[in-house]
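Novice: Structure below; questions to follow.
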């Protein structure tokens, strides 16, 4: 008899049959003789091998139903083969297990473990799991996102020394937000972890990066900036400060909210309703203040989430009490994730206005390019702007809905003085986002 796989190939007319004789339960009639190859296979090699039994097999990056965190190609796979049952005189590939190391978080992410249908229930998953853990993960911290919540599967995970549903707070802070988005998403997952506990978290975060935000203490600052009426904020200690900019430059202004810093990376810090213009001097970046053992003082700027340091602070009469903050640039993949969140906040701030902005671009700007370019300063030519407008709805790809802990309209207004509740100004902003995606492949 023949066994229809169906798994991963359930589209009409696309089902794949293996020419393997099966018993009455649909298992191979010839007793399997399985082994796990010691070779580490790449993502593309794995796909090529399993397309023999599943022509619809894709890479993980191509599978848009995966949550963003797990939609990453693996660093490698171990593959299990059956010598007793062959395809074209080659051992049949019956299972795989993968992994990916995330250097920015100093841990491994599992990338799935699969056994083809007719070989399930034979204990092969455990063998694959043990192979990966013993040969690759060893004592290194690791996490995974379980999609199978059956009692038997969760017991297998735990029996191999993994925790099920550990506290997200036990992970490095740098990955906690992504993990929460994944386990609380449209297709929920359950967090599993190994070699991680609260003691490990403390070891990751020996440097606490405390920054004490204080009120301004100098007359020149008060008179020049606030015209004598200086708001007072509660003094507090924060762990992280963010700064938005473009490659090749930096400012001395910081925010405790990464999304408040994001507009400065995407648009610059100039412009207004009367004089709209956008900076495109380099790739958008976010800097994050480095961790430090010693507490540093920073001084509030214009609200309770922003601070000013360094030369500008001193120029306006500040003391030299605080040291210039040392920072590091956020890795591209983490920047991209936060950019997708910010882009989503813009597009979904008011869906009706977003649609009006598209109409403004298509019906007015495209037909009046010469006039528009006289009044709006983009660091791009007419052809690039035209391409950006025609592809502007591509901005709706890879959206991530998440609270940005503030008003996206206010954040953008603080940076460039534009109101995204005006469909015309929103349209101009969307052109800039599309230009950035085209030129720098962000998002």
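In this note's numbering, the protein residues as written are 2 to 444. Ideal Cβ positions, reconstructed from N, Cα and C, are used throughout, including at glycine. Model, not experiment: these values are computed from the prediction.
1. Tell me which residue opens and which closes the alpha helix (DSSP H) that residue 348 is part of.
2. Looking at C-beta atoms only, is the number of pairs between the segment 131-150 and the segment 106-114 that lie closer than 8 Å three or more?
3. Tell me which residue opens and which closes the beta strand (DSSP E) that residue 290 is part of.
4. Quick check on residue 444: buried or exposed, where buried means 16 or more other Cβ atoms within 10 Å of its Cβ?
5. Quick check: the Cα distance between residue 58 and residue 306, rounded to an integer number of angstroms?
6. In whole angstroms, what separates the C-alpha of residue 102 from that of residue 51?
7. What is the rounded straight-line gap between the Cα of residue 412 and the Cα of residue 260?
8. For residue 394, which of 379, 438, 370 and 418 has the nearest alpha-carbon?
9. Compute the beta-carbon to beta-carbon distance between residue 125 and residue 98, rounded to the nearest angstrom, for a pair I have assumed lies under 8 Å.
10. In three-state DSSP terms, what is residue 29?
11. With DSSP run on the structure shown, which of helix, strand or coil describes residue 352?
12. If we ignore side chains and look at the alpha-carbon of each, how far apart do residue 417 and residue 179 end up?
13. Helix, strand or coil for residue 138 per DSSP?
14. Rounding to the nearest angstrom, what Cα-Cα distance links residue 381 and residue 282 in this structure?
15. May I ask which residues mark the beginning and end of the beta strand (DSSP E) holding residue 100?
16. Considering just the uninterrupted stretch of the beta strand (DSSP E) at residue 37, what are its terminal residues?
17. Report back the beta-carbon spacing between residue 84 and residue 120 to the nearest angstrom; my notes put them in contact at under 8 Å.
18. In the DSSP assignment, find the unbroken alpha helix (DSSP H) run with residue 389 in it and report its ends.
19. Kindly indicate the opening and closing residues of the alpha helix (DSSP H) around residue 433.
20. Helix, strand or coil, according to DSSP, for residue 247 in the structure here?
21. What are the residues that DSSP puts in a beta bridge with residue 112?
22. Quick one: what's got a C-beta closer than 7 Å to residue 499's C-beta in the same chain, skipping five residues either side?
23. Is the separation between the beta-carbon of residue 197 and that of residue 172 shorter than 8 Å?
24. Excluding the 5 residues preceding and the 5 following residue 323 in the sequence, name in chain order all residues of the same chain whose CB lies nearer than 7 Å to its CB.
25. For residue 232, which of 409, 304, 122 and 75 has the nearest alpha-carbon?
26. Contact check, residue 265 vs residue 242 under 8 Å by CB: the rounded distance?
27. Any idea which residues DSSP pairs residue 214 with across the strands?
28. What does the alpha-carbon distance come out to for the pair residue 194 and residue 168?
29. Who does residue 191 pair with in a DSSP beta bridge?
30. Using the C-alpha atoms, what's the distance from residue 396 back to residue 344?
31. Could you check what DSSP says for residue 255 in three-state terms: helix, strand or coil?
32. CB of residue 46 to nearest heavy atom of the ligand COA: below 7 Å?
Specialist: With the given structure in hand:
1. 333-348
2. yes
3. 285-290
4. buried
5. 47 Å
6. 23 Å
7. 8 Å
8. 438
9. That pair is no contact at about 10 Å.
10. strand
11. helix
12. 29 Å
13. helix
14. 11 Å
15. 91-103
16. 35-37
17. Actually they are not in contact, since the Cβ atoms of residue 84 and residue 120 sit about 13 Å apart, beyond 8 Å.
18. 383-391
19. 424-441
20. strand
21. Note: residue 112 sits in no beta bridge, so no partner.
22. The first residue shown for the chain is 2 and the last is 444, placing residue 499 beyond what the model contains.
23. yes
24. Interpretation of residue 323 is limited by its pLDDT of 49, a score under 50 that renders its predicted location unreliable; the figure taken from the coordinates is listed afterwards. So the qualifying residues of the chain are 297, 298, 299 and 310.
25. 304
26. Going by Cβ atoms, the distance from residue 265 to residue 242 rounds to 13 Å, so no, they are not a contact pair.
27. 237 and 299
28. 10 Å
29. 147
30. 8 Å
31. strand
32. With respect to the ligand COA, the structure offers nothing, as it holds no ligand at all.
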